[in-house]
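Visitor:
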Amino acid sequence: MRRAAVLEAIASGWSRRQRARHADADLIRLGLFVLVALLAAMTLSPRHFFSAANFESMAFTLPELGLLSLAMMLAMFSGGIDLSVVAIANLSGILAAQILVRSGAFPLAATLGAACLGLAGGAMAGAFNGLLISSLRIPPILATLGSMQLLTGLATVLTGGAAVYGFPEPFLALGNETLLGIPIPFLIFAAVAVAVAILLGHTTFGLRLRLVGSSRSVAFYSGLRLEKVLFSSYVVGGLLAGMTGLLMAARAASAKADYGTSYLLQAILLVVLGGVRPSGGVGRVPGVLLALAALQIVASLFNVLRLGNFAKEFAWGLLLLVVMITNTVLDRRAARRPATTSLSNAQNKEKTP
Amino acid sequence: MIMRHPNRRHEAVLSAVLLVLALFIGLINPGFFSAEAAFDLLRSSTVIGLFALGVLVALVAGGIDVSLPAIAAFCLYTTALFGGAFGVADHPVLALGLAGLTGAVLGTMNAFFIHQFALPPLIVTLGTASLIRGGLLAFVGTRIVTDLPESMAAFSHPAAFAGSGPGGAPVGGLVVSFLMFAMAAAGVAFLLGRTTLGRGIHALGGAPESARRMGLPIARLRFIAHGLAGFLAGLAGLAHASQMRNANPFDLVGTELTVIAAVVLGGASVAGGRGTVTGTVLGVLILVLVETGLVIVGLSSQWHKVVLGGILLLSVATTVRRVSRAAWREGMA
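In the order they appear, the protein sequences are chains F and U. Take the first sequence: its position 233, counting from 1, is numbered 238 in the working numbering, and each next residue is one higher. Take the second sequence: its position 123, counting from 1, is numbered 136 in the working numbering, and each next residue is one higher.
Printed below as a string of structure tokens:
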């Protein structure tokens with residue numbers, strides 16, 4: 006435990022207490038943000054916002070972006086980025102669809118098989134990314150940019166560019182039914198979020214990943230096997246993206262190579278909003294979950310305001326920049342206050358492309 | 014100049030690949046070996062080429078810019094809309110100035126965010142791309158301008174070697190926009206390779222902290238590099254509009270990936286500080302040739318993305334060997 010604490014301190018460049026204060030500040034800031042957005046939504050259109058239908062539709066759509074954001078978070082936590090999450094999701098959905106459209110008399114078996122194939126496809130795509138990044142030492146930006154093209158291309162070739170549909174009932178239930186009154190996608194997402202939170206916050210793997218993200222050289226000289234840690238994180242990310250693909254296919258009752266392309270920017274925005282620093286090593290799952298809630302409220306606010314798709318694109322971009330700037334300004338203020346800040350940490354971040 | 018050796022070797026390999034590709038395509042379709050086909054190839058590499066020069070400058074300065082196509086769309090549309098309406102762009106030079114300047118301003122906006130708040134260039138430019146494109150479509154307009162001002166259309170007029178088609182109208186030949194690309198390439202090559210400013214940009218991208226301690230004006234270098242990238246994007250937008258003979262604000266989305274693939278194929282490093290204009294131009298030509306080749310071989314357009322992604326990964330995987338395992342572990346690359 007002592008060693009863990011030391012590693013953690015090295016990893017963040019902050020003392021444990023500083024880091025806790027920092028993380029709490031992030032959460033408080035986000036909480037305020039949620040509150041303001043909520044108040045705005047309430048005053049502007051209480052009847053629309055507080056309807057049961059609105060909450061239920063949120064609970065069906067939100068898990069997709071949520072799972073993608075967790076995948077993105079894993080990559081950014083290690084100091085990388087994963088531009089291929091949406092591509093992986095679509096490919097997984099299409100792979101699953103190959104079994105689903107041939108389900109015939111065995112809908113349940115087909116659903117199980119399709120889910121397995123989709124998840125396996127996602128994990129394999131993630132492993133491909135991991136291989137490129139850890140073994141071939143390709144920078145994550147380029148590796149995932151390339152695999153995004155490659156996988157979207159494969160998905161297009163597999164489907165001829167058209168949507169695949171005609172799925173059996175049990176699979177569709179995955180995206181459209183409720184269990185005990187709670188939408189199934191939401192249940193899945195909640196379970197996965199808890200699992201990822203435990204993985205990152207309470208396991209050796211999570212600690213190692215944090216260390217790799219904060220300082221690769223320190224991680225290396227601490228005797229960590231960088232390649233293995235990075236590889237595993239991208240496999241998990243691929244698995245999460247694959248899961249998203251299944252949910253997307255189930256909810257839309259179809260799979261297509263170019264579904265959900267707007268999710269990519271939103272996932273990055275969400276992760277940054279959630280307090281994960283793009284330079285790596287800093288971030289917690291609860292922050293990302295709060296950010297997801299905030300973003301969902303903002304999205305319904307946009308709908309209430311009848312913002313068009315282009316105005317939304319503008320607003321998301323603006324929000325991303327504003328959030329990053331706020332984080333930097335507050336980080337700098339926090340770094341100036343206590344005596345024991347690490348100068349080299351701040352300098353390392355300068356270098357990250 | 015220490016880096017000259019690996020660059021030269023890489024460029025030789027690229028030239029060889031280009032030659033083999035050309036021979037291969039020519040064998041399948043002998044019509045490929047004609048002046049007309051060559052001019053065609055050069056014309057279709059103009060827009061990507063201008064973007065690639067912009068990305069190259071950003072990469073050498075240690076950044077990356079995925080907002081260039083959005084900037085270009087903004088420039089071409091506003092130039093067509095306002096330049097034509099108020100007569101600010103009555104002359105091709107004025108149109109060029111207007112588009113280029115708009116691009117430069119948007120580019121420096123990127124530099125401002127990246128420099129002032131020490132933010133990662135990829136995420137900043139993802140954000141500004143969304144901001145610029147969304148802003149253009151939401152607040153400026155979505156209607157395609159079909160009556161392009163003559164000053165913009167002039168960029169696709171033949172400048173040299175034109176033949177005459179039916180009715181004596183000039184056909185084919187080198188178009189003005191390609192000459193613009195050639196001049197831009199020469200200008201960027203001179204700037205990066207032969208000036209103190211270029212050395213400074215290399216230093217900034219190669220080792221920002223050392224550059225700062227040497228007393229280099231980091232802020233100015235960043236602003237110049239990203240401003241120049243934006244300027245080149247403005248020119249690319251102009252070239253694109255003149256080739257399409259309209260100004261469509263929806264155009265050019267998604268080109269950023271092709272462009273980055275071309276620049277990286279040309280040997281530039283995303284870690285910064287490394288990259289040449291020669292390599293970049295070769296990378297662009299190879300990608301354009303591959304696309305032509307795919308069409309000639311008869312592979313459906315669905316395969317293009319697969320091939321593009323494959324080329325990108327293959328080229329990075331082969332060039333990245335220059336990064337030693339030790340340096341990677343130290344987090345230096």
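Cβ atoms here follow ideal geometry from the backbone N, Cα and C, with glycine treated the same way.
Which residues mark the beginning and the end of the alpha helix (DSSP H) in which residue 318 of chain U is found?
Guide: Taking the first residue of the second sequence as 1, we reach residue 318 of chain U at position 305. Residue range 316-332 is occupied by the alpha helix (DSSP H) that includes residue 318 of chain U.
Visitor: Specify the secondary structure class of residue 262 of chain U as computed by DSSP and reduced to three states.
Guide: Stepping through the second sequence from its first residue, residue 262 of chain U is reached at position 249. DSSP places residue 262 of chain U in coil when its eight states are reduced to three.
Visitor: Tell me whether residue 181 of chain U is buried or exposed, calling it buried when 16 or more other Cβ atoms sit within 10 Å of its Cβ.
Guide: Translated into the one-based positions of the second sequence, residue 181 of chain U becomes position 168. Residue placement at residue 181 of chain U is flagged as unreliable, the pLDDT there being 48, under the threshold of 50; the coordinate-derived value follows with that caveat. The residue is exposed, with fewer than 16 neighbouring Cβ atoms inside 10 Å.
Visitor: Determine, using beta carbons only, whether residue 126 of chain F and residue 262 of chain F come nearer to each other than 8 Å.
Guide: Locating residue 126 of chain F in the first sequence gives position 121, counting from the first residue. Locating residue 262 of chain F in the first sequence gives position 257, counting from the first residue. No, the Cβ-Cβ distance between residue 126 of chain F and residue 262 of chain F is not below 8 Å.
Visitor: If we define contact as Cβ-Cβ less than 8 Å, is residue 125 of chain U a contact residue for chain F?
Guide: Here the question's residue 125 of chain U lines up with position 112 in the second sequence. No, its Cβ sits nowhere closer than 8 Å to a Cβ of chain F.
Visitor: To the nearest angstrom, report how far apart residue 308 of chain U and residue 298 of chain U are at their CA atoms.
Guide: Numbered from its first residue, the second sequence carries residue 308 of chain U at position 295. Numbered from its first residue, the second sequence carries residue 298 of chain U at position 285. Answer to the nearest angstrom: the Cα atoms are 15 Å apart.
Visitor: Can you name the residues of chain F whose CB is closer than 9 Å to the CB of residue 323 of chain U?
Guide: Your numbering for residue 323 of chain U matches position 310 in the second sequence. Result: 151, 154, 155 and 158.
Visitor: Residue 56 of chain U CB to nearest chain F CB: under 8 Å?
Guide: Locating residue 56 of chain U in the second sequence gives position 43, where the first residue counts as 1. Residue contact check for residue 56 of chain U against chain F: no CB pair falls below 8 Å.
Visitor: On the premise that residue 74 of chain U lies in contact with residue 296 of chain U, defined as a C-beta separation below 8 Å, what is that separation, rounded to the nearest angstrom?
Guide: Translated into the one-based positions of the second sequence, residue 296 of chain U becomes position 283. Translated into the one-based positions of the second sequence, residue 74 of chain U becomes position 61. Not confirmed; about 18 Å, so no contact.
Visitor: Check distances from the C-beta atoms of the segment 264-275 of chain U to those of chain F and list, in chain order, the residues that come in under 7 Å.
Guide: Under the 7 Å Cβ criterion, the segment 264-275 of chain U contributes 270 and 273.
Visitor: Using three-state DSSP, classify residue 188 of chain F as helix, strand or coil.
Guide: Taking the first sequence and counting its residues from 1, one reaches residue 188 of chain F at position 183. Three-state result, residue 188 of chain F: strand.
Visitor: With C-beta atoms as the reference, is residue 307 of chain F less than 8 Å away from residue 298 of chain F?
Guide: Walking along the first sequence from the start, residue 307 of chain F turns up at place 302. Walking along the first sequence from the start, residue 298 of chain F turns up at place 293. No.
Visitor: Are any of the Cβ atoms in chain F nearer than 8 Å to that of residue 77 of chain U?
Guide: Position 64 of the second sequence, counted from the start, is the residue given in the question as residue 77 of chain U. Chain F contact via Cβ: present.
Visitor: Does residue 351 of chain U pass the burial test, meaning 16 or more other C-beta atoms within 10 Å, or should it be called exposed?
Guide: In the structure displayed, chain U extends from 14 to 346; residue 351 of chain U sits before or after that span and is not available.
Visitor: Going along the chain, which unbroken runs of the alpha helix (DSSP H) with 4 or more residues stay wholly within the segment 181-233 of chain U?
Guide: 189-207, 209-219 and 221-226
Visitor: Rounded to whole angstroms, what's the CA-CA distance from residue 330 of chain F to residue 137 of chain U? Just pull it up for me.
Guide: If you number the first sequence from 1, residue 330 of chain F lands on position 325. If you number the second sequence from 1, residue 137 of chain U lands on position 124. Cα-Cα distance, rounded: 10 Å.
Visitor: With a threshold of 8 Å between beta carbons, is residue 146 of chain U in contact with chain F?
Guide: As a position in the second sequence, residue 146 of chain U is number 133, starting the count at 1. For residue 146 of chain U, the answer is yes, since a Cβ of chain F falls inside 8 Å of its Cβ.
Visitor: Out of U:292, U:195 and U:163, point me to the one whose CA is closest to residue 63 of chain U's CA.
Guide: In the second sequence, the residue the question calls residue 63 of chain U occupies position 50. Of the listed residues, the one whose Cα sits closest to residue 63 of chain U is U:195.
Visitor: Count the other C-beta atoms from every protein chain shown that fall within 10 angstroms of the C-beta of residue 264 of chain U, then say buried if there are 16 or more, exposed otherwise.
Guide: For the purposes of this step, residue 264 of chain U is taken as the residue at position 251 of the second sequence. With 16 or more other Cβ atoms within 10 Å, it is buried.
Visitor: Taking the Cβ atom as the reference point for each residue, do residue 353 of chain U and residue 281 of chain U lie within a distance shorter than 8 Å?
Guide: In the structure as shown, chain U begins at 14 and stops at 346. Residue 353 of chain U is therefore absent and cannot be evaluated.
Visitor: Rounded to a whole number of angstroms, what is the C-alpha to C-alpha distance between residue 49 of chain F and residue 311 of chain F?
Guide: Position 44 of the first sequence holds residue 49 of chain F. Position 306 of the first sequence holds residue 311 of chain F. Computed Cα separation, rounded: 12 Å.
Visitor: Specify, as a first and last residue, the run of the alpha helix (DSSP H) that residue 112 of chain U falls within.
Guide: The sequence position of residue 112 of chain U within the second sequence is 99, counting from 1. That run of the alpha helix (DSSP H) goes 105-129.
Visitor: Please check if any C-beta of chain F sits within less than 8 Å of the C-beta of residue 25 of chain U.
Guide: In the second sequence, counting from the first residue as 1, residue 25 of chain U sits at position 12. Output row for residue 25 of chain U: interface = no.
Visitor: Using the Cα positions of residue 306 of chain U and residue 38 of chain U, report the straight-line distance between them to the nearest angstrom.
Guide: By one-based count along the second sequence, residue 306 of chain U stands at place 293. By one-based count along the second sequence, residue 38 of chain U stands at place 25. Distance between the alpha carbons of residue 306 of chain U and residue 38 of chain U: 6 Å.
Visitor: Kindly list, in the order they appear in chain F, the residues whose Cβ is closer than 7 Å to that of residue 140 of chain U.
Guide: Here residue 140 of chain U corresponds to residue number 127 of the second sequence, with the count starting at 1. Under the 7 Å cutoff, chain F gives 322, 325 and 326.
Visitor: Just reading off the alpha helix (DSSP H) that residue 249 of chain F is part of, what are its end residues?
Guide: What you label residue 249 of chain F is simply residue 244 of the first sequence in a count that begins at 1. Start and end: 231-257.
Visitor: Taking the alpha helix (DSSP H) that residue 297 of chain F belongs to, which residues open and close that run?
Guide: Position 292 of the first sequence, counted from the first residue, corresponds to residue 297 of chain F. Residues 290-309.
Visitor: Is there contact between the segment 43-52 of chain U and the segment 72-90 of chain U, where contact requires at least three CB pairs shorter than 8 Å?
Guide: no
Visitor: Give me the subset of the segment 282-312 of chain U whose CB atoms are less than 7 Å from a CB atom of chain F, sorted by chain position.
Guide: 283, 284 and 285
Visitor: Specify the secondary structure class of residue 264 of chain F as computed by DSSP and reduced to three states.
Guide: Taking the first sequence and counting its residues from 1, one reaches residue 264 of chain F at position 259. Reduced to three states, the DSSP call for residue 264 of chain F is coil.
Visitor: Any beta-carbon of chain U closer than 8 Å to the one on residue 100 of chain F?
Guide: Within the first sequence, residue 100 of chain F is the residue found at index 95, counting from 1. It does not; no Cβ of chain U falls within 8 Å.
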